[in-house]
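Below: one structure, written as structure tokens.
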Amino acid sequence: MVKIKLNWLLERWEVASRYISDFSEILEEVLETEVQGGETMSLERELQKRNEELEEELKRSKEREDHVRRQLRAALDRLTVAEDAEERLCVQLGDLEAEALQQAREYHARVVSLVDQLSQAHSLLNTTFPLPSPS
Numbered sequence: 007m008v009k010i011k012l013n014w015l016l017e018r019w020e021v022a023s024r025y026i027s028d029f030s031e032i033l034e035e036v037l038e039t040e041v042q043g044g045e046t047m048s049l050e051r052e053l054q055k056r057n058e059e060l061e062e063e064l065k066r067s068k069e070r071e072d073h074v075r076r077q078l079r080a081a082l083d084r085l086t087v088a089e090d091a092e093e094r095l096c097v098q099l100g101d102l103e104a105e106a107l108q109q110a111r112e113y114h115a116r117v118v119s120l121v122d123q124l125s126q127a128h129s130l131l132n133t134t135f136p137l138p139s140p141s
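Residues in the sequence shown are numbered from 7 upward in steps of one, following my numbering.
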């Protein structure tokens, strides 16, 4: 479940990054087509400045994205290690349960054998040394 959420988050980051990149390209195209005359030069400078700001923001965003991506990968690695450890522990627990069941069966068989021996000894005593009947 955690892996699914982490992968979903990574996908969202990739989509957002593409949108920002696409916007930057569109802005450059607008600058190229609308630059005509002195009035548009002022607009061009404003748009260029805004483009630089957006590119800087994109750079910071990509750095944050890379940082988050590294954190997510580290979390996924830790999750994989934890899942592997859990699996090993489950196998060990199963082995211990099987061993405990086998020991319980052996002890039960031993108790049954001892009860049988005790019963035979008691019968032998009664036949060898019968108790006088109370009359």
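C-beta: ideal position from N, C-alpha, C; glycine also. Note that the structure is predicted; figures quoted are calculated from it, not measured.
Span separating the alpha-carbon of residue i from that of residue j
| i | j | result |
| --- | --- | --- |
| I26 | A88 | 36 Å |
| E92 | E52 | 58 Å |
| R111 | L85 | 39 Å |
| P140 | Q109 | 46 Å |
| Q54 | R76 | 32 Å |
| E59 | R66 | 11 Å |
| I163 | L95 | The chain is shown from 7 up to 141; residue 163 falls before or after that span and cannot be answered. |
| S119 | D83 | 54 Å |
| D125 | L137 | Reading off the sequence, residue 125 comes out as Ser, not Asp. Cα to Cα, S125 sits roughly 16 Å from L137. |
| A106 | E69 | 55 Å |
| V117 | T134 | 25 Å |
| I57 | W14 | According to the sequence provided, residue 57 is Asn. The question's Ile does not apply to it. If I take the Cα positions, the gap works out to 30 Å. |
| M7 | G100 | 25 Å |
| L49 | E61 | 18 Å |
Residue i and residue j closer than 8 Å at C-beta
| i | j | result |
| --- | --- | --- |
| W19 | V74 | yes |
| A81 | L12 | yes |
Anticipated Cβ contact below 8 Å, residue i with residue j, distance rounded
| i | j | result |
| --- | --- | --- |
| L78 | L16 | 6 Å |
| E71 | S23 | 6 Å |
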